[in-house]
Structures are given as C-alpha cells and as structure tokens.
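What the first sequence shows, in this note's numbering, is residues 14 to 703, in sequence order. Using N, Cα and C, we set each Cβ at its ideal position, and we do this for glycine too. See below for the structure under consideration.
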Amino acid sequence: MSETPLLKERVAAIRAQLHHHAQQYYVLDAPQIPDAEYDKLYQELEAIEAAHPELVTADSPTQRVIGAVLDGFTPVRHVVPMLSIRTETDTTAQGAVEFDTRVRRELKLAEDAPQVDYAAELKFDGLAINLRYEHGELVQAATRGDGETGEDVLQNIRTIKQVPRKLRGCSAAVLEVRGEVYMRRDEFDALNERQRELIAAGAKNEKTFVNPRNAAAGAVRQLDPAMAKKRPLSFFAYGLGEVQGWEVPETHSGMLDALAKMGVPVNEDRAVVQGADGLVAFHERIRELRDSLPFDIDGVVYKVNSRALQQQMGFVSREPRWAVAHKYPAQEQMTRLLGIDIQVGRTGKLTPVAKLEPVFVGGTTVSNATLHNEDETRRKDVRIGDTVIVRRAGDVIPEVVGVVMDRRPEDVGEPFDLYKRLDGKCPVCSSPIEREEGEADWRCTGGITCPAQRKQALLHFASRRMMDIEGLGDKLVDQLVDAGIVRSLPDLYKLGFANLATLERMGDKSAQNLLDGIEKSKSTTLGRFLYSLGIRHVGETTAKDLAKHFGNLDRLMDARLEELLEVNDVGPIVAESVRHFFDQPQHREVVEQLRAAGVHWPDIEGTASDAPRPLLGKTLVLTGSLPTLSRDEAKDLIEAAGGKVSGSVSKKTTYVVAGEEAGSKLDKARELGIAVLDEAGLQALLRGEG
DNA sequence: TAGCCTCGAGTTCT
DNA sequence: CTCGAGGCTA
C-alpha cells in the first residue's frame, strides 16, 4: 500500500486552491484569505513536492511565479525575469542566522573568514514594478505578471509624483529600475474614507479596500488613469532589471545610492551590516520601528552586498541564493467566530464582543475582539459561524476586519440584531433595554440595580485615580456582589472580618489588607470623591473643576443649573447631568451614607501652598513610557508644579514629554514644532530650570 | 456657525 | 489609543 494516491489528491486540491486565490489576489484585487493562510498552503505543497519529486508538474504554482495578464494593458516581456525571493517563515531572529550559515557554506568560507557584508532593507507590502528608462527617460512601467511577462501600466505609474520621468545625470541606453509601488497608510485611510462617502451617497460599484496593498494593486491596474490619480501611490526602488550602457556599482548598497542620486526614491531605513549578528540587530531594530512607519511592511530583506559574490552564488530554480526575505509575525489572521457576547458597561452600555477561536496574531493570542455596537456589527455583516479576518497592529486593540464570504457556511447565523438576541432585556439583570434616538448604543435601564453596572461602579469607585482602595480588584468585586455582601458603595465601608471570611480564597491576611485599604481611602479630596461617584460626563478633570469652583459638596449638590454653568468647561449637557444625578434621592442617600461611614475631605481643595509652581500656565502631553516615572507619577508631579497634562498634542501644547516607544503624538509634536523633552528634561523643568 | 481643543468612555492582553 | 461629543472661540 502506498500513500501516493492520497497525496496526489491533496496536491491537486492545494494547487486548485492556490490557483483560485492567486486569481482573486492578483487579478481581481480581492483576496479571500490572509497571506499567512496562502503561505501555509504553499509551504505544504512545497514540502510534499520535496519529499515526492515525482508529483512535481510544470504548472505547479511552485514552479512559476503566479499572476496573470489582464486584458486592457499591453503585455511586456521582461528581458531579465522578475523573480521572487525565498521567504524565511521563521519569524524569530533565527532565520537570519540560518541565512548567514547558508551563505558562508555556499561561498565555501572558512570558519575564521571575515564576516560577510549584507545589504538589509525593508520588505514593502505593495506590488513589484519594473521602470524602464531609455537614455534617461521613463518609457515603460510594467507589473511583474508571471515573472516573464507583465503589463505596461505606465500611464498609471506616471501619476506617482515621486517616480522621475527623467533620470538625473544618467543617459544609459537602457536602465530598468525595479521596486515596489505601495500606498501609505494615511493615504489608504483617506481613500477608504472617500469610498465610504461614495457608498453612503449611493454609489453602487464602489467598495472599500481591505488593506493598503490591495488598494495599491487596484490603483495600478485602473484602466482609467484619472481614477488611478485619486489613489495616491508611492514608490521605492530595490533593484535592477536590464542594463545597457551603465556601469553598475560593485555593491548592492552602492547601486541604490547611485539610483538615489539620479532622483529615484530609495528607502532610507536600509543598512549595510556584517554577518549574522548584524542581520539579527537589523531585524530587531525594524521590528521596533514597524508600527511607526508610514507604510506597511511584512518583513525585511537581506541581500549579499557584493555583486561579485552574488554572481558566484547564482540561483536555485527561480530564486536567487544570495537573498532572502524574513517575515514578521502576521498582523492579520483568519479565524472562526464562535459567538457574540454582549457586555454591560458601567454606564449600562451594551457592547457586542466577538468570541473567536483563539489565533496567534501580532505576537499574542487573541480570543476576544470588540464589535463596538450594533450598527458596526451589521455593517460588517458578521454572523456566528463565519470565518473572519482579525487584525492586530502593534499596540492597537484587535479588531474584526471583515468576513471571508467565500467560507460562509450553509448554516450561518442570522444577521446580528441586538434587541432580538436579548429579547429586549439586559443579559445580566433583565431590565428593559433602550436605544435613544440618534445614539449608536443600546443601554440597560436597570441602573444601579443591575449587578453588572453595580460591579463596574464599585471598580470605578475603588480604582487608583479615585478612592484608590488597594486590594479591591475585579475578582473580589465579583465575589462580593454575587454573594450579596455589597449592594451599594456605602456597603464597602461596612465590611468586616465576619463577612469577608465567608469568601473563598480569603485569608486573614488578605482580609486585613483589604480593610486597611478601605480605611485609608476614607481620607480623600472632594475632586476624587466626585469623580468616583460616576456621574455621566464628569471625569477626572471636570470633577476637579467642580470641586475647585464650589469648594464644598453641599453647595455643589444644591447648585442651580445657572450656577453650574459658570464652571469652566461646563456647558448645558454636563450641568444637566450633574443636576440630574443629585436630584435622585437614592444618589443623595449614597453620598450621606458614605459621609456617615467616615469618608471625608478638606473643604477647600488644593489651597495654594508656598511650593514653587514653575509650570504654571504650561500644558504638557505625555507619550511613551518614561525610564523611571510612571505616567500617573509624572502627571501628579506636573500638576503639583502648576502645569496641566493633556491627552492630545495641539498648538496650545507647551511641551511634549516623550519616552520609549513614543507614538503618533511625537510625530505631531515635530509637525507643529513643539519642544520635546525626555524624562531628564522634565525633571529639570520641575526643579525650575528653564 | 464652524472648527478646534479637550474630556470622557470603552477596550485587549500580559 | 481612538472615537465621539461637549464646550469654547474666532
């Protein structure tokens, strides 16, 4: 018995799938599965073929570069074929070490021979284009196609401003520049925004794009250059095709330098590094940089820098032996939607949450992803049983990008209908749910009677920037509420050893710690106390402003709307919300009980001390993580020095304090020309040293 | 009244 | 971190 017939079937099935998806991807610009999935199939096929060479056929996807020529563009035969490079799928730095070992073996280098020089570059997520210059003039721009024959898309490439029509100081008879056309993320977002507007306005044939690469591919293949122009593309060169009448520099990096001098865009995040260590360092550096780049990359590329050595190594089948692409973990994965849970937030907001079959994406395992609200869920037409694409880029929260319609099962669930799903009742307390006119959210009407809201209210009350009760986390709150020991905020202050002892995993020690924490929290400030009550529209800042303006709680509770409106940053909505809160007797009752339990604060808040206030009138923005100070500590220090801490950078920002892994705020600061400090700089300011 | 600036609220995982 | 929305200002 041989397993070959079975394998044969499997091989045929994989080839059919690869072919189908390659069509969707390259020809129709509408991929149905993520890259990683495609790669997986491809590797399986490669592995089978390697073990069973008799199964290899000429038309196998492994034997040719996939793609096809579309009608409507003139075919172009590549004099020098456009090859793909081998991809290391090992996403750790190990792939770089293996490449270096292979190179040294191929070059028959002795153990003690010097390190090999490599040109290390980014692997752009776009599509390959061959620009043909004759006597310095751009005469043709071709897609890769199947590697042998592509299509002339010159008219569309001309819409890319960065691509020079004429080379500076080069009149070689023929110079083909190869590189990647891609779309920047900001352009991609803007494009999709416009597409959404078109769709909203009733345009039938418009669609939004799943990712920048597809949008770029779509733009390049637009038959109408006017349309292509509306999809702004960019270009980076990384290699050469046919060359006549130009002396090619001896190294890859030298060649790119020469191209840059001619006015061809070449990415600056490239380096010449030595040996495996250099490659690993580059891989790691770029991984850090990845999310802050203005465009998508899916990895890095290593090339032997010396052209002489490249020639010595040559090619194996269709891949150069002297270059390798090394990927990062996928930021997109496909998985199954197991169900949709509905969570109840502190304000009663009902949030649909996708329960997913766990997938490893963007470096962590994801099993939940928010669907935000009903409209959003419907817009994506996400249904239970669907196969969905999940994305997680950097620190961004995982999101469901869309449904793989191709894989929708026969017995897929109904379109999402929140009211119907819940039968009009809160999933926790069964109170009726409502959705107000013009609002996106459904809410539970149970208010404080709803255990979910009660738990959230307790957690909110106990959290660090409010009453700061140490030892009261979500697990404990769950237990206390479920056991019926704590029903309202004042109940917290009636806790004693007796009722704590009834809880699981609660020893004398933890009980004492909690009671100490609760005792300590009794001494607070009016601002924190107000914030902790969880009044709608009253957050940390507004609470502080209210406390400062009224000075004591009774004056605030009895304040008329007009008086409330006098407070900084308080308008009709906030004023009404405050008034409404204190108009409800049960809320006043809670406040009285808390006071009776011993919660107290000085009447006049933040009396101007004699301490110097060097940051008076200054607004600072924090971004990234500082070496020694936590965010909260930095905030407190700045406020104590009279400064204000704001969440976003604007013209009014005085300083931006940036730490490790600073994000978009730093870019914004540079854009606006705002002074940027590190922690040492901040400390100097706090000491009053300008 | 528009547009800018801030604040509030919700969210994931280790 | 991002979005949406409230409030302020030109």
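Taking the alpha carbon of residue i as the point to measure from, which residue in the options has its own alpha carbon closest?
i, options, result
"residue 248", "529, 208, 194", "194"
"residue 442", "146, 465, 55", "465"
"residue 253", "118, 188, 536, 212", "188"
"residue 460", "439, 506, 124, 267", "439"
"residue 698", "652, 678, 681", "652"
"residue 145", "107, 185, 308, 27", "185"
"residue 301", "382, 135, 245", "135"
"residue 34", "19, 50, 23, 573", "50"
"residue 207", "198, 196, 219, 444", "219"
"residue 500", "512, 529, 467", "467"
"residue 691", "633, 659, 665", "633"
"residue 657", "626, 192, 671", "626"
"residue 165", "176, 153, 173", "153"
"residue 381", "323, 308, 402, 388", "402"
"residue 519", "429, 492, 448, 26", "492"
"residue 423", "358, 192, 400", "400"
"residue 395", "379, 429, 405, 386", "429"
"residue 344", "326, 142, 374", "374"
"residue 683", "297, 695, 670", "670"
"residue 196", "214, 232, 109, 642", "232"
"residue 205", "224, 192, 522", "224"
"residue 140", "156, 126, 123", "156"
"residue 479", "496, 61, 645", "645"
Got a sec, what are the start and stop residues for the alpha helix (DSSP H) residue i sits in?
i, result
"residue 554", "553-563"
"residue 570", "566-570"
"residue 231", "225-233"
"residue 531", "521-534"
"residue 127", "Where residue 127 is concerned, there is no enclosing alpha helix (DSSP H), given that its DSSP letter is neither H nor E."
"residue 651", "644-653"
"residue 122", "Looking at the DSSP string, residue 122 is not in any alpha helix (DSSP H), and its letter there is neither H nor E."
"residue 398", "Element bounds for residue 398: n/a, residue is neither H nor E."
"residue 585", "585-596"
"residue 580", "Careful: residue 580 lies outside any alpha helix (DSSP H) and carries neither H nor E."
"residue 467", "464-475"
Contact check, residue i vs residue j under 8 Å by CB: the rounded distance?
i, j, result
"residue 178", "residue 151", "5 Å"
"residue 574", "residue 592", "6 Å"
Which residues does DSSP pair with residue i in a beta bridge?
i, result
"residue 455", "363"
"residue 631", "Beta-bridge pairing links residue 631 to no other residue."
"residue 638", "673"
"residue 345", "404"
"residue 355", "365"
"residue 378", "373"
"residue 264", "319"
"residue 176", "None; residue 176 has no bridge partner."
"residue 135", "313"
"residue 659", "634"
"residue 143", "155, 191"
"residue 438", "445"
Which residue marks the beginning of the beta strand (DSSP E) containing residue i, and which one marks its end?
i, result
"residue 165", "No beta strand (DSSP E) holds residue 165; DSSP gives it neither H nor E."
"residue 671", "668-671"
"residue 153", "150-156"
"residue 336", "336-340"
"residue 386", "Neither: residue 386 is in no beta strand (DSSP E) and is coded neither H nor E."
"residue 188", "187-195"
"residue 248", "247-257"
"residue 287", "284-287"
"residue 280", "No beta strand (DSSP E) contains residue 280, which DSSP labels as neither H nor E."
"residue 688", "688-690"
"residue 540", "Note, residue 540: premise wrong, no beta strand (DSSP E); alpha helix (DSSP H) at 539-545."
Answer yes or no: the CB of residue i versus the heavy atoms of the ligand SAM, is any distance below 6 Å?
i, result
"residue 154", "This structure lacks the ligand SAM; in fact it carries no ligand of any kind."
Inter-stretch contact at 8 Å, needing at least 3 Cβ pairs: the segment 561-569 / the segment 470-486 | no
May I ask you to verify whether the segment 456-474 touches the segment 545-556, counting CB pairs closer than 8 Å and requiring at least 3?
-> yes
Counting pairs of beta carbons, one from the segment 346-356 and one from the segment 161-175, are three or more of them closer than 8 Å?
-> no
Below 8 Å, can you find three or more Cβ-Cβ pairs linking the segment 524-535 to the segment 506-516?
-> yes
Counting Cβ pairs, one atom from each stretch, are 3 or more of them under 8 Å apart for the segment 664-681 and the segment 634-654?
-> yes
At least three beta-carbon pairs within less than 8 Å, the segment 308-316 to the segment 334-344 = yes
Between the segment 120-136 and the segment 280-288, do at least 3 Cβ pairs fall closer than 8 Å?
-> yes
Pairing CB atoms from the segment 316-334 with CB atoms from the segment 360-367, are three or more of them under 8 Å?
-> no
Are the segment 315-322 and the segment 256-273 in contact at 8 Å, needing three or more beta carbon pairs?
-> yes
Could you say if the segment 57-70 and the segment 123-130 meet the contact criterion of at least three C-beta pairs nearer than 8 Å?
-> no
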